[in-house]
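J.: Here it is: the structure, laid out below.
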Amino acid sequence: MNTGSDRGTNESAAEESAVRATEAAEGTEAAEGAEAADQAPHVSKAPAFIKASKGLHLSWQVGVFVVGLAVIAAGVAMLVLPGPGWVAIFAGLAIWATEFAWAHLVLRWTKRKVTEAAQKALDPKVRRRNIILTSVGLVIAGTLIGFYLWKYGLVLPWNLKDQ
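Number 290 marks the last residue of the sequence shown (my numbering); no jumps.
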């Protein structure tokens, strides 16, 4: 079962670093080197003694998957319950990204989208629009609450007399 977290049999860390050193010596730009590092094959973060045994490594991956799944499930629950739901979901993805290449790609895509959304939110036009929409929403909510209080009044549950 190939999860994308192991290196190929013909590929070693020494060979990869030698290739990178050769490219750097040939004068490749730093940006290209950073891009190549992002495209490098995903390597399992398991300790060497665990990677040495295929069965033990598979058990490690199952354990990482179960722990990541539990954290993500807790995060999904915290979306409707009190708690930092999105933080837990991203933490679960980060746990999965230590072992699985697909999770690493999803986490990288998510980070990029969050950064783009943060930059977009700081745009003055978008910020002005959001402030105007929030103000209009608060005025509408205040008007509805005021109408309800005018029509029915404020009766607190502990002061009910008609029981």
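Think of the CB as a built atom: it goes at the ideal place given N, C-alpha and C, for glycine as much as any other residue. Since this is a predicted model, take the numbers as computed values, not measurements.
Between Trp-277 and Val-198, what straight-line distance do the alpha-carbon atoms span, to the nearest angstrom?
T.: Counting from one through the sequence shown, the residue named residue 277 turns up at place 150. Counting from one through the sequence shown, the residue named residue 198 turns up at place 71. In a straight line, the C-alpha of Trp-277 is about 47 Å away from that of Val-198.
J.: Are at least three pairs of beta-carbons, each pair with one atom in the region 177-188 and one in the region 201-214, less than 8 Å apart?
T.: no
J.: Where does Leu-220 land, buried or exposed, given buried means 16+ other C-beta within 10 angstroms?
T.: Counted from its first residue, the sequence shown places residue 220 at position 93. Buried, because 16 or more other Cβ atoms sit within 10 Å of the Cβ of Leu-220.
J.: Return helix, strand or coil for Lys-247, following the three-state DSSP convention.
T.: Along the sequence shown, one-based indexing puts residue 247 at 120. In the structure shown, Lys-247 sits in a helix (DSSP, three-state: H, G or I).
J.: Would you call Gln-188 buried or exposed, if buried means 16 or more other Cβ atoms sit within 10 Å of its Cβ?
T.: As a working note, residue 188 is residue 61 in the sequence shown. So Gln-188 ends up on the buried side.
J.: Here's the rule I'm using: 16 or more other beta-carbon atoms within 10 Å means buried, otherwise exposed. How should Ser-171 be labelled?
T.: Residue mapping note: residue 171 aligns to position 44 of the sequence shown, counting from 1. Ser-171 is buried by the Cβ-count criterion.
J.: On the CB-based measure, 16 or more other CB atoms within 10 Å of its CB, does Ile-259 come out buried or exposed?
T.: Taking the sequence shown and counting its residues from 1, one reaches residue 259 at position 132. With fewer than 16 other Cβ atoms within 10 Å, it is exposed.
J.: Report the rounded CA-to-CA distance for Gly-195 versus Ala-245, giving the unit in angstroms.
T.: Reading the sequence shown from its first residue, position 68 is the one you call residue 195. Reading the sequence shown from its first residue, position 118 is the one you call residue 245. Between Gly-195 and Ala-245, the C-alpha separation is close to 26 Å.
J.: Quick one: using the 10 Å Cβ neighbour count with 16 as the cut-off for buried, is Phe-227 buried or exposed?
T.: Here the question's residue 227 lines up with position 100 in the sequence shown. Classification for Phe-227: buried.
J.: Leaving out five residues on either side along the sequence, give the residues of the same chain with a beta carbon under 8 Å from the beta carbon of Arg-254.
T.: Locating residue 254 in the sequence shown gives position 127, where the first residue counts as 1. For Arg-254, where only same-chain residues beyond five positions count, the Cβ hits under 8 Å are Ala-248.
J.: Just reading off the alpha helix (DSSP H) that Leu-183 is part of, what are its end residues?
T.: Locating residue 183 in the sequence shown gives position 56, where the first residue counts as 1. It spans 181-207 - the alpha helix (DSSP H) in which Leu-183 sits, taken as one unbroken run.
J.: Taking the straight line between their C-alpha atoms, what separation do you get for Asn-257 and Gly-264?
T.: Counting from one through the sequence shown, the residue named residue 257 turns up at place 130. Counting from one through the sequence shown, the residue named residue 264 turns up at place 137. Using only the alpha carbons, I get a separation of about 10 Å.
J.: Verify whether the separation of the beta carbon atoms of Val-193 and Trp-223 is less than 8 Å.
T.: To locate residue 193, count along the sequence shown from 1; it is residue 66. To locate residue 223, count along the sequence shown from 1; it is residue 96. Going by C-beta atoms, Val-193 is not nearer than 8 Å to Trp-223.
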